[in-house]
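Student: Following this message is one structure expressed as structure tokens.
Residue numbers (our numbering): 107 to 590.
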């Protein structure tokens with residue numbers, strides 16, 4: 107409920123409407139859910155800068171090294187939509203806690219791994235846990251806060267910490283690898299997961315639809331298989347090229363399964379994603395904007411890692427620390443995101459964020475081989491991080507607004523799938539661009555040329571995505587009590 111307070115103590119004081127405040131319980135719920143989502147985001151990138159060290163320690167060949175990251179991304183992206191529905195069946199709280207248990211155990215397994223096979227099993231289990239925890243946690247978040255300023259603020263903080271977690275993972279991975287061991291990139295999850303599992307039962311209130319829905323098994327099989335093959339095909343494109351038989355076969359099979367999924371959902375009695383949800387412009391174009399936001403920003407981190415290490419000669423630790431500025435920018439953007447949506451509306455927040463991110467990214471085309479270019483990189487990643495978070499908060503609010511609580515599991519599962527697929531697709535797509543530009547040529551100049559081309563593509567992609575979403579979205583009415 108809104109409260110009024112005098113703007114001054116004079117006789118002509120004008121009443122000022124203050125935004126609603128969170129209750130103590132809502133703050134506890136927010137802290138617990140945001141903490142778990144931050145940890146999930148850290149897992150996406152914590153091993154990226156340490157991959158060569160991990161491969162050397164366990165005997166991975168150079169060709170198979172990328173599967174340490176890809177196995178996690180495949181499981182997380184492929185099963186997210188399915189687990190979003192499972193959350194409605196077993197209860198979002200139960201799935202959230204169960205996922206955190208699996209995450210803690212699989213992290214311990216990864217830290218103790220003595221062979222490539224055991225490590226990959228641990229990464230797949232971490233990905234499955236992520237696919238369960240992320241949509242369940244987001245659904246718990248949206249049902250804990252009614253639509254309006256409080257939800258926008260909560261989603262803004264969630265988006266900020268998710269994006270900052272991806273950046274923090276790179277920093278933390280470099281620190282732990284240099285100071286202790288790559289194994290601590292796994293072990294660090296164990297106490298955090300245990301704390302969440304202990305606190306969640308008493309802090310979080312469960313939410314699920316009033317009627318127990320049925321699981322759409324054919325839809326679950328086709329969408330999961332289609333997403334797995336799509337991500338696999340794009341990963342193969344980055345390794346072997348777009349015309350390789352394995353790439354074409356995986357992409358074609360993924361397209362067939364996803365087409366079959368749409369047909370199945372049109373006829374299913376209890377569809378995984380009801381067609382009336384997909385007919386909403388807010389859902390379709392909100393998720394399209396979110397997909398572009400995650401594809402471009404996470405892949406930009408990959409491109410700049412190549413630049414810092416292969417062109418400027420930075421160490422893993424120095425590379426991670428350089429991304430700290432990007433992390434600050436995403437946190438700042440997340441804090442502004444809720445206010446921007448409340449004041450300007452979802453559509454304008456998405457367009458503004460995309461334009462800012464695209465401009466900042468475009469400036470990175472000027473990067474050269476001199477170490478003095480680091481200042482441009484730091485400034486551009488800070489500004490781009492702010493823009494990216496405006497876009498992400500706008501996407502999250504747009505894709506989950508205007509739907510009843512009983513459909514939040516589906517909406518948040520779809521939004522989370524968009525996020526996971528974006529993170530999984532970004533690196534292989536931009537890696538394929540770099541490879542196509544450089545071919546078999548190596549050396550700092552060739553790598554810089556490939557990175558610059560991919561940065562140009564990245565900038566054009568985010569600008570096009572933001573403008574298209576802005577064109578097709580209808581402006582949502584501003585909330586009655588926008589944040590001050």
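Even glycine gets a Cβ: it sits at the ideal position worked out from N, Cα and C. None of the values given here were measured: they were computed from a predicted structure.
1) Measuring straight from C-alpha to C-alpha, what distance separates residue 141 and residue 362?
2) Excluding sequence positions up to five away, which residues of its chain have a Cβ less than 6 Å from the Cβ of residue 329?
3) Spatial neighbours of residue 152 within its chain, please: CB distance less than 7 Å, with the 5 preceding and 5 following residues excluded, ordered by chain position.
4) Going by CA-CA distance only, name the one from 417, 400, 471, 180 that's closest to residue 553.
5) Once you ignore the five residues that flank residue 477 on each side, which residues in its own chain have a CB closer than 7 Å to its CB?
6) Consult DSSP for residue 152 and reduce its assignment to one of helix, strand or coil.
7) So residue 288 and residue 159 are supposed to be a Cβ contact under 8 Å. How far apart are they, rounded?
8) Is it right to say residue 351 is buried, meaning 16 or more other beta carbons lie within 10 angstroms of its own, or is it exposed?
9) Which of helix, strand or coil does DSSP assign to residue 133?
10) Are the CB atoms of residue 337 and residue 183 within a distance shorter than 8 Å?
11) Taking only three categories from DSSP, how would you classify residue 252?
12) Examine the Cβ distances between the stretch 425-437 and the stretch 479-495 and report whether three or more of them are shorter than 8 Å.
13) Tell me the DSSP secondary structure of residue 282 in three-state form.
14) Do residue 303 and residue 207 have their C-beta atoms closer together than 8 Å?
15) Measuring straight from C-alpha to C-alpha, what distance separates residue 261 and residue 499?
16) Residues in the same chain with beta-carbon distance under 6 Å from residue 391, minus the five sequence neighbours each way, listed in chain order, please.
17) With burial defined as no fewer than 16 other Cβ atoms inside 10 Å of the residue's Cβ, what is the status of residue 475: buried or exposed?
18) If contacts are defined as beta-carbon pairs under 8 Å, then residue 294 and residue 199 qualify, I think. What distance do you get, rounded to the angstrom?
19) Helix, strand or coil for residue 361 per DSSP?
20) In whole angstroms, what is the alpha-carbon distance linking residue 497 and residue 463?
21) Within 10 angstroms of its Cβ, does residue 147 collect 16 or more other Cβ (buried), or is it exposed?
22) Rounded to whole angstroms, what's the CA-CA distance from residue 566 to residue 218? Just pull it up for me.
23) Going by beta carbon distance, what residues of the same chain come within less than 7 Å of residue 339, once the five residues before and after it are set aside?
24) Take residue 174 and list the residues in its own chain whose beta-carbon comes closer than 8 Å to its own, dropping the five residues that flank it on each side.
25) Rounded to whole angstroms, how far is the Cβ of residue 529 from the Cβ of residue 404, which I believe are closer than 8 Å?
26) Short of 7 Å in beta carbon distance, which residues of its chain neighbour residue 139, apart from the five on each side in sequence? Order them along the chain.
27) Tell me which residues share the same chain as residue 414 and place their Cβ nearer than 7 Å to its Cβ, disregarding the 5 neighbours each side in the sequence.
28) Do you know how far the Cα of residue 556 is from the Cα of residue 487?
29) Residue 522: which of 301, 241, 177, 468 sits nearest, CA to CA?
30) With a cut-off of 8 Å on the beta carbons, I'd call residue 591 and residue 561 a contact; round off their distance for me.
31) Can you tell me whether DSSP reads residue 310 as helix, strand or coil?
32) For residue 583, count neighbouring C-beta atoms within 10 Å of its own C-beta (all shown protein chains included) and say buried if the count is 16 or more, exposed if not.
33) Could you compute how far the alpha carbon of residue 178 sits from the alpha carbon of residue 331?
34) Compare the Cα-Cα distances from residue 468 to each of 410, 440, 201 and report the closest residue.
35) Please name the residue in 189, 257, 149, 237 whose C-alpha comes closest to that of residue 216.
Tutor: On the basis of the coordinates in this document:
1) Distance between the alpha carbons of residue 141 and residue 362 is about 38 Å.
2) 187, 367
3) 275, 278, 279, 291
4) When each option's Cα is compared against that of residue 553, the closest is 417.
5) 418
6) coil
7) About 5 Å separates the two Cβ atoms, so the contact holds.
8) Counting of Cβ neighbours within 10 angstroms places residue 351 among the exposed residues, the total staying below 16.
9) helix
10) yes
11) coil
12) Touching, yes, given that three or more Cβ pairs across the two stretches are closer than 8 Å.
13) helix
14) yes
15) 6 Å
16) Correct list, in chain order: 575, 578, 579.
17) exposed
18) Between residue 199 and residue 294 the Cβ distance is about 25 Å, and since that is not below 8 Å, they are no contact.
19) helix
20) 9 Å
21) It is buried - the Cβ of residue 147 has at least 16 other Cβ atoms within 10 Å.
22) If you draw a straight line from the Cα of residue 566 to the Cα of residue 218, it comes to about 43 Å.
23) 353, 356, 357, 360
24) 153, 157, 160, 161, 166, 225, 226, 229
25) 5 Å
26) 243, 246, 247
27) Sequence-distant Cβ neighbours of residue 414 in its own chain, meaning closer than 7 Å and more than five residues away, are 420, 425, 428.
28) 19 Å
29) 241
30) The question about residue 591 has no answer here: the residues shown for the chain are numbered 107 through 590.
31) coil
32) Annotation note: pLDDT 38 at residue 583 (below 50); position unreliable, coordinate value reported separately. Label assigned to residue 583: exposed.
33) 15 Å
34) 410
35) Taking the Cα of residue 216 as reference, the smallest distance to any Cα among 189, 257, 149, 237 is reached at 149.
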